[in-house]
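Okay, structure first, notes after.
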Amino acid sequence: MRLPKPIRALTVTTAVLAVIGASPAGAQTCAMAEDETALQVRVLQTELMVAALSCQQQDPYNAFVTRFQPTLAVQGKALKGYFKRVYGGGSTAELDEFVTRLANEASLRVMRNLAGYCTESKALFRSVMTLEANGLESFVTSWTNRDAHGVLPCVLQAANP
């Protein structure tokens with residue numbers, strides 16, 4: 000027997016709300032602006048790490064980490080905070096899965112086109128290393144790969160008066 004359309008709609012809505020409510024403490028899975036920056040910095044760091052390992056660019060990677068260590072530390076702490084807020088007690092495992100996914104995606108691009116990937120990563124290293132020590136956050140917001148983390152931004156709407 001098929002349910003009437005209004006009841007089907009109510010059933011679907013109830014199921015969606017149940018799934019949303021099932022997230023830890025009703026956690027917000029979208030990214031606020033500060034979360035997006037932390038996610039974007041991690042995407043860049045992972046991209047450069049894979050380039051270091053795949054394209055023999057360890058020296059440029061070490062120079063990147065040394066130059067931007069304060070920013071990487073602050074953004075790393077913010078990233079951990081985001082995952083803790085969203086996933087609660089499972090945050091460490093979720094963060095590990097996130098970083099692994101980013102590295103795997105970059106590695107797949109390496110396997111598809113090693114020469115092209117290495118050429119692009121050398122240019123990326125050059126661009127990043129021309130930044131001021133405090134310019135990494137600004138850089139990632141305009142970087143073409145900035146949304147590779149896959150987390151949607153939160154959209155805040157003003158209340159109606």
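Residues 0 to 160 (numbering that gives the first Met the number 0) make up the sequence shown, in order. Just so it is clear, CB atoms sit at the ideal spot from N, CA and C, and this is done for glycine as well.
Specify, as a first and last residue, the run of the alpha helix (DSSP H) that Asn-103 falls within. 90–111
Starting from Ala-131, trace the alpha helix (DSSP H) in both directions and tell me its first and last residue. For the sequence presented, residue 131 should be read as Glu rather than Ala. No alpha helix (DSSP H) contains Glu-131, which DSSP labels as neither H nor E.
Can you tell me which of Val-109, Val-150, Cys-29 puts its alpha carbon nearest to the alpha carbon of Leu-52? Of Val-109, Val-150, Cys-29, the residue nearest in Cα terms is Val-109.
Output yes or no for whether 8 Å exceeds the beta carbon distance between Glu-104 and Thr-36. no
Out of curiosity, what's the CA-to-CA distance linking Thr-118 and Val-85? 37 Å
What residue from Asp-34, Asn-112, Leu-43, Glu-33 has the CA that sits closest to Val-127's CA? Leu-43
Let me confirm a value: Arg-41 is counted as buried when at least 16 other C-beta atoms fall within 10 Å, else exposed. Which label applies? Buried, because 16 or more other Cβ atoms sit within 10 Å of the Cβ of Arg-41.
Closest by C-alpha distance to Tyr-60, when choosing among Gly-80, Phe-97, Lys-121: Lys-121
Just reading off the alpha helix (DSSP H) that Gln-57 is part of, what are its end residues? 57–66
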